[in-house]
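Residue numbers (my numbering), protein chains in the order written: chain A, -11 to 321; chain B, -11 to 321; chain C, 33 to 227; chain D, 33 to 227. Ideal placement from N, C-alpha and C gives every residue a C-beta, glycine not left out. Below is one structure, written out as structure tokens, with a few remarks after it.
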Amino acid sequence: MKKLINAPDDVVLDALQGVQAAYPDRVRVNYEPRYVVRADAPVSGKVGLVSGGGSGHEPMHGGFVGPGMLDAACPGEVFTSPTPDQMQAATQAVSGGAGVLHIVKNYTGDVMNFDMAADLTRADGVEVESVVTNDDVAVEDSLYTAGRRGVGITVILEKICGGAAEDRRSLQEVAELGRRVNANGRSMGMALTPCITPGSGQPSFELADDEVEIGIGIHGEPGRFREKIGPASQIAERLLTPIVEDLPFSSGDRVLAFVNGMGGTPEIELYVLYNEVGKLLHERGVQIERNLIGSYITSLEMQGCSITLLKLDEEMTRYWDAPVNTPGLRWGV
Amino acid sequence: MKKLINAPDDVVLDALQGVQAAYPDRVRVNYEPRYVVRADAPVSGKVGLVSGGGSGHEPMHGGFVGPGMLDAACPGEVFTSPTPDQMQAATQAVSGGAGVLHIVKNYTGDVMNFDMAADLTRADGVEVESVVTNDDVAVEDSLYTAGRRGVGITVILEKICGGAAEDRRSLQEVAELGRRVNANGRSMGMALTPCITPGSGQPSFELADDEVEIGIGIHGEPGRFREKIGPASQIAERLLTPIVEDLPFSSGDRVLAFVNGMGGTPEIELYVLYNEVGKLLHERGVQIERNLIGSYITSLEMQGCSITLLKLDEEMTRYWDAPVNTPGLRWGV
Amino acid sequence: MNQFAASMQEHREELVRLDTAIGDGDHGTNMDRGMRKALEQLGTQPQADVGGVLKTVAMALVSSVGGAAGPLYGTLFLQMGTALTGKAEVDLEEYAAAWRKGVQGVEARGKAEPGDKTMVDALLPAVEALEGAADLDSALQGAVSAAEQGMRDTIPLVARKGRASYLGDRSRDHQDPGATSSYYLFQTAAEALAG
Amino acid sequence: MNQFAASMQEHREELVRLDTAIGDGDHGTNMDRGMRKALEQLGTQPQADVGGVLKTVAMALVSSVGGAAGPLYGTLFLQMGTALTGKAEVDLEEYAAAWRKGVQGVEARGKAEPGDKTMVDALLPAVEALEGAADLDSALQGAVSAAEQGMRDTIPLVARKGRASYLGDRSRDHQDPGATSSYYLFQTAAEALAG
Ligand SMILES: Nc1ncnc2c1ncn2[C@@H]1O[C@H](COP(=O)(O)OP(=O)(O)O)[C@@H](O)[C@H]1O
Ligand SMILES: Nc1ncnc2c1ncn2[C@@H]1O[C@H](COP(=O)(O)OP(=O)(O)O)[C@@H](O)[C@H]1O
Ligand SMILES: [Mg+2]
Ligand SMILES: [Mg+2]
Ligand SMILES: [Mg+2]
Ligand SMILES: [Mg+2]
């Protein structure tokens, strides 16, 4: 394992100190318990947006703290959900009187920890709603299992709900909008290489020199199947078909297409892939109205990509376009 | 070699098509010869900024085309300088009557090709100036060699000169500012892993599981020496000491600190490194006034980093802060 | 608790390996971090009250483990601690009842049923063994054996809860990491309490 | 030209390997791409004029090779073509003089001196061999041997020009890729022109 770190146990703390050093007038880092919060929090009268999850997915979530997106993010250890005390403290720090929305990715750990935090925070008198993202079509959807994972749509949802919160929409409205974004979004990912967590020092799975893993999660979880690597056009097809058929997306739909790198993917490859995605959607009559191309929800140094499609409506498009000013996403300001 | 591509020979073209598909109202891609240009070029009365170089360093340069930065970028094959006909055509496309500045990284190929292009363009009656960047302290500076490579400062220079050009400064002024930025900037890089060009299919160098290569270039060129990997604090020190001592940067200086990922580096590691850079500069009394943290000048999927320091003056800071609206860098708009 | 902490440190790599196969590879690190934190907290407190000790451990786990294991083990110890509040000594009946409370807490929090390939598959049979035993020694031994059996029985199962469930059929033929740490918990409890 | 193109295709991997050791690994790909483009351009043109052919090749290389080799080989062929404009047949003296012009162009463009570990180290001795030869056959053979020797002599050198110069001392003990492609150029020229 070769990494630009001091020691496996120090990665998260060292990186948080780096974040604090980098953006002293934009964010504040709280160390005990750990959360990153907008420097001007709480914003009075605005719904507070809190997300969080394991570290190693940067810029998600800490890089999305700022005007127009999250009010606070709770970083766990690498690939490990944060703890309720972090979420409780972050929730209180961003509570501006209009309630707080928890944006939670659907993993057993994240859901349980955020649940405990919501219970604690409600007991403190802060109104809390939760939106759970579960957009990963690689996982079968079933009542009897943990259900689908939350992946790429989380980034999009944080941006869109951030716009709505900035527009002083109510907690109920922002939560409902978030649920609509989740319900209309689908994702799937694949890997060329595994990743290595600093704690384990071992690759998350083994792949032959000519194999790819299809349907991976963002924590180095193995995928649903593996196959010999094909051209980018084939990889785009492997990911897009299940996405499109699941919602389903159909001719005439206007979408946001998000081509995401897993952390170790060169940008030039993301554009090659985006080109293929565009061709496939064009064939189906689906129109790309907005796009996002880059590494925004990552798995450490994993090479690979994920594709997220969101069926847009006018409100989503408006809040997607609204100004945002965070280290990870910035426009309109 | 596993890559998200269709075929080694198609990478650059496919990616350019992806860029065109992604930003149809912001840039225009010309395919014969190849260049990426602002959709609204030429901007009348503004100095045109043209850069270019081998592909595989994205977002540099194509991702920096837009208001406040480059007017056009010429992509070569992966790690191969583009050709004079590309530069000549791009120069003409952005010529708005105030002359055109070529921003050239100091590599024999880039310099010779841009020289030929400048000769051709001058013959066409367009005033052309060149700025050559050579900020890499890993290479010894000597009159008898090809001199130092141009690396990280190129990104900073393109932004600052872009701001000045947008401010309608003259060709001479923009060129002089660019030379001042280059003269006050220093960089050095290191790698944890090599990269593989699609054309060669072979790693650019071999590294043991516990070795790092110090002083690498951005084309997979081997570095000046290799050593056992140490903590991030040591790596920061290895890169910063030669940088600081070369200019030299001294107590009281205000700098822009740019911590760059080589393409396959997780963002969390860049923040760990930035934290160490901050501590080391603090010890020396050098004050970080601005920063840039992310993967902006890359070597395909290489894991590693580079550090660039620029000694700021008031004019540089002002144009650094000026609005920029490109796929790769965006603020203030 | 010292023994369980030592056990988590000792088996850290093994739990990481199990969790890498069907999860995200952090279970060993998480439990080790949590139990070290628990010992730290206990160090500063008087330990006369068994319930108090368990509740302190619970809070330490909840606020330091994270992931799925944090809330689940936290709930386990919290419920056990609540059942044993104020006790300095515990008899077999109270001991078994506390475990039952704890495991009910885990079931309520995680919604896992037996056969879902989770820690519940080790915890439940062990509690049943405690409840059915005649004396402390055979109870402790029976619980260890039952937990071990439950842990091994997770191998052929397809996971329906937790991160391993994302793998579908590919989760088969691997032992569940959480069931494994639960087995170690019974093992160290037996060693600590055995006459 | 056909032969040189074939040679570049044949030695593509070798040149890539040499360039990977002390450069960026693209020299073989670059030359192969350039010569394929050159043949393409030639295919559409009458080939009576040697100078014209060389100039066509030069322009094809300049606009398709890129890197250092594009302008350098482009200049080489452009200068040679200019020297031989309008000729359908070329005698030894004209041939040698054209090479001299070409190499002077390379020297002017790249500012490399003998011993800098570049293509100049193969080109210059070969031109000198041409100039000193008594008849065409010995000239061609002498040039090939001199280029080969020059190419081999780059091995112990420390590069002072081009990408390899960044390596400093570590560029030692590797053969220069550009000198190698220049050797293949003389080799194919000899094969093509030999009676
Ligand atoms: N819903 C659940 N109910 C009971 N136990 C569960 C549940 N989900 C997961 N587990 C247990 O948690 C273990 C994984 O713990 P850990 O690796 O620490 O958390 P995470 O999966 O968040 O990384 C699994 O092996 C399983 O035994
Ligand atoms: N200044 C120079 N003068 C003459 N030849 C040079 C010079 N710089 C580089 N070369 C030659 O070019 C070769 C490298 O060509 P190539 O790999 O195609 O270009 P690049 O170095 O731009 O990748 C070197 O091996 C060397 O022989
Ligand atoms: Mg986890
Ligand atoms: Mg090159
Ligand atoms: Mg786990
Ligand atoms: Mg080369």
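For ASN122 (chain A), same chain residues with a beta-carbon under 6 Å away, outside a window of 5 residues either side, are ASN94, GLY135, ARG136, GLY138 in chain order. Ligand 5 approaches ALA100 (chain C) closely enough that one of its heavy atoms is under 8 Å from the residue's Cβ.
Proximity of the beta carbon of ASP197 (chain B) to ligand 6 is not indicated: no heavy atom of the ligand is located closer than 8 Å. Taken through DSSP and simplified to helix, strand or coil, ASN101 (chain A) comes out as helix. In the DSSP annotation of this structure, GLY137 (chain D) is not part of any beta strand (DSSP E); the continuous alpha helix (DSSP H) holding it starts and ends at 124 to 142. Contact between the stretch 299 to 319 of chain B and the stretch 159 to 174 of chain B is present: three or more C-beta pairs spanning the two stretches fall below 8 Å. Rounded to whole angstroms, the separation of the alpha carbons of PRO157 (chain C) and THR117 (chain C) is 25 Å. Residue contact with chain B for TYR198 (chain D): present (Cβ-Cβ distance below 9 Å to some residue of chain B). Rounded to whole angstroms, the gap between the alpha carbons of LYS267 (chain A) and ARG16 (chain B) is 18 Å. In this structure, GLY6 (chain B) lies away from LEU235 (chain A), with their beta-carbon atoms at least 9 Å apart. For GLU194 (chain A), no chain C residue has a C-beta closer than 7 Å to its own C-beta; the minimum C-beta separation is roughly 10 Å.
Within chain D, no C-beta atom comes nearer than 7 Å to that of VAL114 (chain B); the closest sits roughly 19 Å away. When Cβ-Cβ separations below 9 Å define contact, GLN74 (chain A) makes no contact with chain B. Taking a contact to require three or more Cβ pairs closer than 8 Å, the stretch 190 to 198 of chain D and the stretch 157 to 167 of chain D do not qualify as touching. Going by DSSP, LYS216 (chain A) is part of the beta strand (DSSP E) stretching over 213 to 216. Unbroken beta strand (DSSP E) runs of no fewer than 3 residues, entirely contained in the stretch 12 to 92 of chain A, are found at 15 to 19, 22 to 26, 36 to 43, 60 to 66, following chain order. In this structure, DSSP gives VAL162 (chain B) a helical state, which the three-state scheme calls helix. Against chain B, the CB of VAL48 (chain D) has a partner CB under 9 Å away; the residue lies at that interface. Nearest C-alpha to GLY147 (chain C) among C:SER203, C:GLN77, C:ALA129: C:SER203.
Contacts with chain C (Cβ-Cβ distance below 7 Å) from the stretch 38 to 52 of chain A involve no residue at all. DSSP lists A:MET178, A:GLY249 as the bridge partner or partners of CYS293 (chain A). Under DSSP, LEU244 (chain B) takes part in a beta bridge, and its partners are B:ARG278, B:LEU298. Between the beta-carbon of THR107 (chain C) and that of ARG141 (chain C) there is about 5 Å, and that keeps the pair under the 8 Å contact cut. Chain-ordered, the residues whose CB falls short of 5 Å from any heavy atom of ligand 6 come out as D:ASP51, D:GLY55, D:ASP56, D:ASP58, D:HIS59.
In the three-state reduction of the DSSP assignment, ASN313 (chain B) falls in the strand class. With fewer than 16 neighbouring CB atoms inside 10 Å of its own CB, ARG110 (chain A) falls in the exposed class. The shortest C-alpha to C-alpha distance from GLY210 (chain D) to any of D:VAL122, D:THR76, D:ALA224, D:VAL97 is the one to D:VAL97. Taking a Cβ-Cβ threshold of 8 Å, the residues of chain A close to LYS193 (chain C) are THR96, THR133, ALA134, in chain order.
Taking 9 Å as the threshold, the shortest C-beta distance from ALA310 (chain A) to chain B does not fall below it.
Restricted to the stretch 36 to 70 of chain D, the alpha helix (DSSP H) segments that are unbroken, complete and at least 4 residues in length are 44 to 54, listed in chain order. Here the C-alpha atom of VAL35 (chain A) lies approximately 16 Å from the C-alpha atom of MET75 (chain A). Below the 8 Å Cβ cutoff, chain B contributes GLY42, GLY64, GLU65, THR68, SER69, PRO70, THR71, GLY97, ASN101 as neighbours of GLY98 (chain D), in chain order.
Around the CB of GLY75 (chain D), fewer than 16 other CB atoms lie within 10 Å, so the residue is classed as exposed. The beta carbon of PRO103 (chain C) sits closer than 7 Å to those of VAL94, ARG141, all from its chain and outside the five residues before and after it, given in chain order.
Distance check between VAL243 (chain A) and each of A:LYS216, A:ILE231, A:ASP13 places A:ILE231 closest, using alpha-carbon atoms only. Under DSSP, the beta-bridge partners assigned to VAL200 (chain B) are B:GLU215.
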